[in-house]
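Under numbering that gives the first Met the number 0, think of the first position of the sequence shown as 0, with each following residue one higher.
We treat Cβ as the ideally placed atom computed from N, Cα and C, and that holds for glycine.
Quick notes on the structure that follows.
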Amino acid sequence: MQRFGGLWVVLLLVVGFSLSKAVEVEVHGKDNKTCIYAVLSVNFTVHYEGNGTMENATFQLPNSLSSNGSICGDNNSAPLLKMGFGTGHSLSLNFSHSAGIFSGDVLTFTYNTSDAKLFPGAKNTSVKRVAVNSLMESVPLNTIYTCRSAKAIESEAVAMVLWNVSIQAFVENGTISKNESFCKADMSTTVAPITTQTTSTLTPTVTPTKPPPAVGNYTLKNGSDPCLLANMGLQLNLTYTDDNQTRVINIDSNSNASGHCGDEEATLILEDIDTTIQFRFIVEQSKFFLKGVKANISIVINGSTIALNSSNNNLRYWQASVGSSYMCHKEQRLMVTDQLVVNAFNVWVQPFELKTGTFSRAEECSLDDDSILIPIVVGAALAGLIVIVVIAYVIGRRKSYAGYQTL
Numbered sequence: 000m001q002r003f004g005g006l007w008v009v010l011l012l013v014v015g016f017s018l019s020k021a022v023e024v025e026v027h028g029k030d031n032k033t034c035i036y037a038v039l040s041v042n043f044t045v046h047y048e049g050n051g052t053m054e055n056a057t058f059q060l061p062n063s064l065s066s067n068g069s070i071c072g073d074n075n076s077a078p079l080l081k082m083g084f085g086t087g088h089s090l091s092l093n094f095s096h097s098a099g100i101f102s103g104d105v106l107t108f109t110y111n112t113s114d115a116k117l118f119p120g121a122k123n124t125s126v127k128r129v130a131v132n133s134l135m136e137s138v139p140l141n142t143i144y145t146c147r148s149a150k151a152i153e154s155e156a157v158a159m160v161l162w163n164v165s166i167q168a169f170v171e172n173g174t175i176s177k178n179e180s181f182c183k184a185d186m187s188t189t190v191a192p193i194t195t196q197t198t199s200t201l202t203p204t205v206t207p208t209k210p211p212p213a214v215g216n217y218t219l220k221n222g223s224d225p226c227l228l229a230n231m232g233l234q235l236n237l238t239y240t241d242d243n244q245t246r247v248i249n250i251d252s253n254s255n256a257s258g259h260c261g262d263e264e265a266t267l268i269l270e271d272i273d274t275t276i277q278f279r280f281i282v283e284q285s286k287f288f289l290k291g292v293k294a295n296i297s298i299v300i301n302g303s304t305i306a307l308n309s310s311n312n313n314l315r316y317w318q319a320s321v322g323s324s325y326m327c328h329k330e331q332r333l334m335v336t337d338q339l340v341v342n343a344f345n346v347w348v349q350p351f352e353l354k355t356g357t358f359s360r361a362e363e364c365s366l367d368d369d370s371i372l373i374p375i376v377v378g379a380a381l382a383g384l385i386v387i388v389v390i391a392y393v394i395g396r397r398k399s400y401a402g403y404q405t406l
């Protein structure tokens, strides 16, 4: 079962925007000059085992942070922003750079369930870590990355919502840049300006649009028996670093499907004329999920054929129980690398334990899960009605008392 439904994400956004303020962090080097600068708002929700029931702890990144453990970076070490708070909790982001650009790679959230204030009644008290792709896009050096739009990140028992983000690593001479690079989400919506920074001198690159891809039906067999089924439409968003332009490619629904099936690992390979994309699924603790994506694409740029290769073997998408299938009707954005984002449409996949050669019971994604919305709306309406009745009763009682005089 999914830890958090789509409604949870909505509630996180509402709570976050109303309560959480942006936190400012600066990391200084040995010369006491700023080397990493960040402003961000983060809300956390952690699903944990309480006293006989499963509980949700919701809290925000506080203003009282420690940057101990942060690293400016040098020839032997990569920069690291570490924000510690409370009793053993921290949020960290490591950075890398090449060819004149920098990016945030892995976002790691560490939390301590022995903190009775945040996790009251926790049954298993220990320090836990969750590492996910940061979703931060590549940014030119001496430029500050800005993203006012909210980004919800869900992994295992943790959901994080980040917004009002401004980050610059590799700060030159301790001076925060006045140049801004906006995230793609901000470029497609109207967002509030950042008061601490001036308008960017860079021209944002707008991602082109393309009609959604057709849904392909793919089957792998072990002998004559199907062992992997996948129905989905796939669209690739490719960013070529030399010109920083994004190109959109729809995968042909009639692409040739190959790969292999196993008890704990399965691979689906789709081959189009100019594109080969590979999906690697694994099993952990009776759950399966998409662990890796690898793509090889040939595209024509300025009359020359360019081969682009992207891969990431540290993902966690499309999770469901082994023996079940995974289904998601809504569009999903799979962040593979800074150069590759896969848009997936109408996904229905089962890579393990096909009992009858057809899909088993589906576990739906959090984006589709709005089943709790109607009961909440009805309950809120009834609660409002009760309040109105009580108020009317109290007013009526007061008026009746006013009509009598004491003898």
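Requested in this report: For the beta strand (DSSP E) holding M231, just list the boundary residues, first then last.
Outcome: In the DSSP assignment, M231 falls within the beta strand (DSSP E) that extends over D224 to Y239.
**Report entry** Start and end residues, beta strand (DSSP E) containing E171
**Finding:** No beta strand (DSSP E) holds E171; DSSP gives it neither H nor E.
Requested in this report: Taking H328 as part of the beta strand (DSSP E), name the residues at either end of that continuous run.
Outcome: Element bounds for H328: n/a, residue is neither H nor E.
Query - Close beta carbons around N50, own chain, < 7 Å, minus the five adjacent residues each side - result: Cβ neighbours of N50 beyond the five flanking positions: G120 and K122.
Query raised in the report: Whose C-beta lies closer than 6 Å to the C-beta of I390 among residues of the same chain, with five residues either side of it excluded?
Result: Cβ neighbours of I390 beyond the five flanking positions: none.
Requested in this report: Note down the Cα distance separating V26 from L235, rounded to an integer number of angstroms.
Outcome: Cα to Cα, the separation comes out at about 36 Å.
Report task. Hey, could you find the ends of the beta strand (DSSP E) V24 is sitting in? Result -> Per DSSP, the unbroken beta strand (DSSP E) holding V24 starts and ends at V22 to H27.
Query raised in the report: By DSSP, does K407 sit in helix, in strand, or in coil?
Result: The requested residue 407 does not occur in the structure, where the chain is confined to residues 0 to 406.
Query raised in the report: Using the rule of at least 16 other Cβ atoms within 10 Å of the residue's Cβ for burial, across every protein chain shown, is I35 buried or exposed?
Result: With 16 or more other Cβ atoms from the protein chains shown falling within 10 Å of its own Cβ, I35 counts as buried.
Query raised in the report: Who are the near neighbours of H434 in its chain, counting only those whose CB is closer than 8 Å to its CB and skipping five residues on each side?
Result: Residue 434 is absent from the model: the chain starts at 0 and stops at 406.
Report task. Report, in whole angstroms, the separation of the C-beta atoms of R360 and S154, which I expect to be a contact under 8 Å. Result -> Their Cβ separation, rounded to whole angstroms, is 24 Å, which puts R360 and S154 out of contact at 8 Å.
Query raised in the report: Are R246 and L237 touching if we call contact CB-CB under 7 Å?
Result: Contact check for R246 against L237 passes: the beta carbons are separated by less than 7 Å.
Query - For G72, the nearest candidate out of S65, G28, G99 and E54 (CA to CA) - result: In terms of CA proximity to G72, G28 leads the group S65, G28, G99 and E54.
Query raised in the report: Considering M53, what are the terminal residues of the beta strand (DSSP E) in which it resides?
Result: M53 to Q59 is the span of the beta strand (DSSP E), which, as asked, contains M53.
Report task. Could you tell me whether the Cβ atoms of V126 and N111 are closer together than 7 Å? Result -> Closer than 7 Å, so yes.
Requested in this report: State the beta-bridge partners of T107 as determined by DSSP.
Outcome: Listed as beta-bridge partners of T107 by DSSP are S91 and A130.
Requested in this report: Please report the residue range of the beta strand (DSSP E) in which G291 lies.
Outcome: Where G291 is concerned, the enclosing beta strand (DSSP E) stretches over K286 to I300.
Query raised in the report: Alpha carbon to alpha carbon, how far is T188 from C182?
Result: In this prediction, T188 scores a pLDDT of 44, lower than 50, which makes its location untrustworthy; no coordinate-derived value is stated.
Report task. Assign I250 to one of three DSSP states: helix, strand, or coil. Result -> It is coil, neither helix nor strand.
**Report entry** Nearest candidate by alpha-carbon position, reference I298, set V341, L307, S180 and M159
**Finding:** Ranking the options by Cα distance to I298, first place goes to L307.
Query raised in the report: Who are the Cβ neighbours of P225 in its own chain at under 6 Å, not counting the five residues just before and after it?
Result: Counting only Cβ-Cβ distances below 6 Å, and skipping sequence neighbours, we find T218, L353 and G356.
Requested in this report: Run the CB neighbour count on I305, radius 10 Å, all protein chains shown included, and call it buried at 16 or more, exposed below.
Outcome: I305 is exposed by the Cβ-count criterion.
Report task. Report yes if the C-beta distance between K290 and Q277 is below 7 Å; otherwise report no. Result -> Inclusion of K290 and Q277 in the CB contact set at 7 Å is not warranted, their separation being larger than that value.
Query - Whether F287 touches V321 by CB criterion (7 Å) - result: Cβ distance < 7 Å, so F287 and V321 count as in contact.
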